[in-house]
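Peer 1: Everything in the sequence shown is counted per numbering that gives the first Met the number 0, starting at 0 for the first residue and increasing by one.
Idealized CB from N, CA, C, for every residue including glycine.
From a predicted model like this one, the values you see are computed outputs, not experimental measurements.
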Amino acid sequence: MHLGMALFKYFPFGGLQKDFLRIAEEALAQGHRVTAFTRQWRGDKPKELELVLAPSGWKKGGWQNHVKDRNFARWLASVRGDYALDALLGFNRMPGLDFYFAADPCYRANRAQSWRSRFSPRARHFLDFERAVFAPELGTQIFTLTEKQKREYRDCYGTEEERFTPVPPGIGRDFAYDPQAAGAARQFVRERVNAVEGDVVFLHVGSDFRRKGVDRCIEALAGRPRARLAVLGQGGADKYLRQAQALGVADRVHFAGPSEEVRQWMMGADVLLHPAREEAAGMVLVEALIAGLPVIVSGCAGYATHIERSGAGRVLAEPFSREQFGEVLMEALDDGVRNSWHKFALTYSKEADLYNLGPVVLEKIRSELEARRSD
C-alpha cells in the first residue's frame, strides 16, 4: 500500500505530530510505502519516509495561517495525482481526504458561538474545511480518539455513524515507568526546579500555553508555598512569568522549554497539571499514566476518561472552577494521596489498551481499500 499522510506542520513535540509519527512508523514497519505532505517539517524523520514539502511561494494570498493552510490544501489537490496514492490520511481538516485522524475538537461545537467566530474569514475557513470532512454523504472515513468527539461532530453535521472508527492511544511502551531509574529522575527534576525537602513538584506539558491552562496553574500556586511548577513546551513564557511575578510565585515557576526528556520529567515530578480550556484528547495524560505520574485534568479533555477510570488523580468539573482546582491541589499535597494515585496509574497502564493506535488505523485503511476494490 502507498499511503499519503498530510498535515499542515510537523514539529517534534505536538500531540497531533506524535500520533502522525507513530502511525507512519507502524506503516513503514509493516512494509508500506509512506509519503508525507506538509508545508513545514522541523526535526528528524524516519529514514524510509518520503517527504514532500509544499512550495513556500505557491499561490501567495496572505500571511495568516488559515490562508497558508487553504493554499496547502489546494496545492495538495493539484499534485496528489502525481504520486499514485492508494489512500490519503489527513491530520488536519481539509477537502479531498480519504481518511481523517480527528486530533482536534469540533470547531463548530466549541468555538463558532458568537457572530464574529462564525463569520470572520478565519472562522469561515475553519467551518468550510470541517464541513469538507464531516458533511453527510461524503466518503471520508474518520478516526476518533474519544466518544465525545464523535458525538460533537455527529450533532453538528449529521455525519453517518458508520464513517467513524474509534482508536486507542498510541503510547510507545518505552515511555513506561522504570523503578530503577525513578530515583535518578526525581533528583534530576528537583535539582532543576530548586525543590527542597517537603516541596511538591507539579508538572505541565504542552505547547499552547493558554489553551492548556498554564495561567491557571500559576494562579493556583499562590497561597501554597510547598508547591512548585515546571512547564515543558514551546511558546512565549514572558506573559506567564509576569503573572507569576505579580502573584509572588516567580521563584517557584520554572519554564524548561521543549524537551526530549519528557519521560524523565514525568517519572521525577509528583503530579501532572492539565487544566486545559480545550483538549480533544490529550496524549500527555496517557503518557503520564504509564510513567506512573498522577494527573489533575479538566473534564473537557477527551482522555480525562482514562484518569477517571484509573483513579490516578482527579478530573475537574466543567465549567472550570478555580476554587475546585485549588481544593484538588491541596489534596495532591498529601504524600499518601499521591502514592495511591501513583499505584493506580501503574496498574491501569498494565491493564488498559493504551498502545495500539498504529495497527488499528492501518487495519481499517487496509480493510476499507479492500472493500472499495470489491464493489
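On the DSSP letters alone, give me the boundaries of the beta strand (DSSP E) that Pro318 sits inside.
Peer 2: Counting along the chain, Pro318 falls outside any beta strand (DSSP E), and DSSP gives it neither H nor E.
Peer 1: Please state whether DSSP places Asn305 in a helix, a strand or coil.
Peer 2: According to the sequence provided, residue 305 is His. The question's Asn does not apply to it. His305: helix per DSSP, three-state reduction.
Peer 1: Can you have a look at Ser119 and say buried or exposed, based on whether 16 or more other CB atoms are within 10 angstroms of its CB?
Peer 2: Looking at its Cβ environment, which holds fewer than 16 other Cβ atoms inside 10 Å, Ser119 is exposed.
Peer 1: Buried or exposed: which applies to Asn64, given that a residue is buried once 16 or more other Cβ atoms fall within 10 Å of its Cβ?
Peer 2: So Asn64 ends up on the exposed side.
Peer 1: So, is Glu286 buried or exposed, given that buried needs 16 or more other C-beta atoms within 10 angstroms?
Peer 2: Per the 10 Å Cβ criterion, buried.
Peer 1: Give the DSSP-derived three-state secondary structure of Gly89 in the structure shown.
Peer 2: Looking at Gly89 - three-state DSSP - the assignment turns out to be strand.
Peer 1: Note the first and the last residue of the continuous alpha helix (DSSP H) segment covering Ala275.
Peer 2: Where Ala275 is concerned, there is no enclosing alpha helix (DSSP H), given that its DSSP letter is neither H nor E.
Peer 1: Can you tell me whether Gln263 is helix, strand or coil according to DSSP?
Peer 2: Gln263 falls in the helix class under three-state DSSP.
Peer 1: Measuring CA to CA, which of Ala351, Val360 and Thr139 is closest to Thr158?
Peer 2: Looking at the Cα atoms, Thr139 is the closest of the given residues.
Peer 1: Below 6 Å CB to CB, which residues in the same chain sit around His253 once its five sequence neighbours on both sides are set aside?
Peer 2: Counting only Cβ-Cβ distances below 6 Å, and skipping sequence neighbours, we find Val192 and Ala229.
Peer 1: Name the DSSP beta bridge partners of Tyr9, please?
Peer 2: Answer by DSSP bridge pairing, in chain order: Trp40.
Peer 1: Using C-beta distances below 8 Å, list every residue in its chain close to Thr346, excluding the 5 sequence neighbours before and after it, in chain order.
Peer 2: Ser309.
Peer 1: When DSSP builds the beta bridges, which residues end up paired with Phe100?
Peer 2: Note: Phe100 sits in a beta bridge opposite Phe142.
Peer 1: How about Leu75 and Ala53: do their beta carbons lie closer than 9 Å?
Peer 2: Their beta carbons are under 9 Å apart, which means Leu75 touches Ala53 by this criterion.
Peer 1: Would you grab the beta carbon distance between Gly291 and Ala344 for me? Rounded to a whole angstrom, and I think it's under 8 Å.
Peer 2: Yes, they are in contact, since the Cβ atoms of Gly291 and Ala344 sit about 5 Å apart, within 8 Å.
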